[in-house]
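In this note's numbering, the protein residues as written are 14 to 116. Ideal placement from N, C-alpha and C gives every residue a C-beta, glycine not left out. Below you'll find the structure, written out as structure tokens, and then a few comments.
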């Protein structure tokens, strides 16, 4: 916020919000995700794969294929890899939640 006042939120505020969101998710044992992960080891493996696709794939892709001549202001393909991972993970969890409620 000190660098660009148009941002409106500081890194400290973002850190506090991230800590609050993490504590809320970890503290709520009634979330579907925890029930899904408790069911079987295969569910944990699937979620680990989805999680790695969502967070590790963009970082690895950027590290391997980064080109220092690119402008840092433009989003690269790693942004779209991350968005695809987020959509895949959320879609999978939505389908699993729907299927568990239909049984």
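Could you give the C-beta distance for residue i and residue j, rounded to a whole number, given that I count them as a contact under 8 Å?
| i | j | result |
| --- | --- | --- |
| residue 46 | residue 105 | That belief does not hold up - the Cβ atoms of residue 46 and residue 105 are roughly 11 Å apart, past 8 Å. |
| residue 67 | residue 95 | 7 Å |
If you run the structure through DSSP and keep just helix, strand and coil, what is residue i?
| i | result |
| --- | --- |
| residue 89 | coil |
| residue 104 | helix |
| residue 113 | helix |
What residue range does the alpha helix (DSSP H) around residue i cover?
| i | result |
| --- | --- |
| residue 22 | That residue, residue 22, is in no alpha helix (DSSP H); it is neither H nor E in DSSP. |
Restricting to runs no shorter than 4 residues, where is the alpha helix (DSSP H) found entirely within the stretch 27-70?
45-52
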